[in-house]
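Novice:
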Amino acid sequence: DVKVTQSSRYLVKRTGEKVFLECVQDMDHENMFWYRQDPGLGLRLIYFSYDVKMKEKGDIPEGYSVSREKKERFSLILESASTNQTSMYLCASSLEGSIQYFGAGTRLSVL
Amino acid sequence: AQSVTQLDSQVPVFEEAPVELRCNYSSSVSVYLFWYVQYPNQGLQLLLKYLSGSTLVKGINGFEAEFNKSQTSFHLRKPSVHISDTAEYFCAVSALSNDYKLSFGAGTTVTVRA
């Protein structure tokens with residue numbers, strides 16, 4: 001089975017802090033994704049990566065950056081957390097094509 | 001670009017009753033279609049997918065969906081639900097030419113009552 005692991009289930013941070021969300025997949029997938037999930041809005045793509053050190057902006061990249069130094073790891077970075085970034089963050093990976101495998105999510109609260 | 005509309009945000013249903021979750025999509029190109037399920041406090045899990053071939057697609061846990069190109073719909077059905085089907089369900093679409101990028105609907109919360 002594909003396993004996508006997000007390092008934290010719950011995080012509480014203060015406004016202005018730098019926040020790192022980590023995601024690791026164990027199936028040698030090329031593609032990795034970061035989404036945020038908000039009630040009534042579904043999932044919105046923040047960034048994705050199709051190879052090591054390669055990244056592309058998704059639909060809502062403002063206020064976020066990403067890092068992919070190794071194939072299995074994809075990090076989402078909030079340079080200066082704000083209260084409107086309080087959300088559920090989901091990481092996903094895929095080998096090719098559209099079938100994405102998701103982690104359990106990180107619920108981030110910014111106070 | 002592709003977009004997805006899930007027509008019902010909440011669907012309450014009694015145990016052993018049938019359920020249908022409606023999904024319409026918009027796209028100027030051919031698409032792949034998906035249904036994902038999210039159980040409480042978990043990530044998303046693929047229920048079923050339409051890539052090509054038969055328009056009636058069967059998935060896990062007794063779910064099925066029918067692709068209707070003329071109506072741009074991909075409705076999800078189950079003939080008899082269980083309490084354990086209580087979850088949020090997401091319809092998603094990707095373009096054949098850009099198949100790694102999914103667009104999701106807003107989700108439908110199904111609550112199954114005894």
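Here the protein sequences come in this chain order: A and B. Under my numbering, the residue at position 40 of the first sequence is numbered 40, and the numbers go up by one with no gaps. Under my numbering, the residue at position 26 of the second sequence is numbered 26, and the numbers go up by one with no gaps. Don't be surprised by glycine CBs; every beta carbon is placed ideally from N, CA and C. Just so you know, these numbers come straight off a predicted model, no measurement behind them.
#1: At the 8 Å Cβ level, is B/Y25 part of the contact set with chain A, yes or no?
#2: Report the neighbours of A/L41 on chain B: residues whose CB is nearer than 7 Å to its CB, in chain order.
#3: Going straight from the alpha carbon of B/S103 to that of A/D26, what length do you get?
#4: Note the first and the last residue of the continuous beta strand (DSSP E) segment covering A/D51.
#5: Nearest to B/G62 by alpha carbon, out of B/V13, B/L47, B/P12?
#6: Answer with buried or exposed for B/N41, where buried requires no fewer than 16 other C-beta atoms within 10 angstroms of its C-beta.
#7: Where DSSP assigns a beta bridge to A/M32, which residues make up the other side?
#8: So, helix, strand or coil for A/T86, using DSSP?
#9: Measure from the C-beta of A/I46 to each C-beta in chain B and report whether the shortest distance is under 8 Å.
#10: Drop a sphere of 10 angstroms on the beta-carbon of A/F33, count the other beta-carbons inside from all chains shown, and report buried for 16 or more, exposed for fewer.
#11: Could you spell out where the beta strand (DSSP E) holding B/H75 opens and where it closes?
#12: Taking Cβ to Cβ, would you say A/K13 is nearer than 8 Å to A/E79?
#13: Mind listing which residues of the stretch 42 to 65 of chain B have their C-beta closer than 9 Å to chain A's C-betas, in chain order?
#14: Cβ closer than 9 Å: which chain B residues qualify as neighbours of A/Y50?
#15: Report the residues of the stretch 72 to 96 of chain B with a CB closer than 7 Å to any CB of chain A, ordered along the chain.
#16: Can you find the residues in the same chain that come closer than 7 Å, C-beta to C-beta, to B/V112, ignoring five residues on each side of it along the sequence?
#17: Can you pull the DSSP bridge partners for B/N61?
Specialist: In terms of the structure at hand:
#1: No, B/Y25 does not count as interfacial toward chain A.
#2: A106
#3: When rounded, the distance between both Cα atoms is 24 Å.
#4: 42 to 51
#5: B/L47
#6: exposed
#7: A/S49, A/S93
#8: In the three-state DSSP reduction, A/T86 falls in the coil class, being neither helix nor strand.
#9: no
#10: Burial is judged here by how many other beta carbons sit within 10 angstroms of a residue's own beta carbon; A/F33 has at least 16 and is buried.
#11: 73 to 78
#12: no
#13: Residues of the stretch 42 to 65 of chain B with a C-beta atom less than 9 Å from some C-beta of chain A are Q42, G43, L44, Q45, L46, K49, L51, listed in chain order.
#14: For A/Y50, the residues of chain B that pass the 9 Å Cβ criterion are Y100, in the order they occur in the chain.
#15: F90, S94
#16: Closer than 7 Å at Cβ, skipping near neighbours: V13, E15, V81, H82, I83, D85, T86.
#17: For B/N61, which the question treats as bridged, DSSP gives no partner whatsoever.
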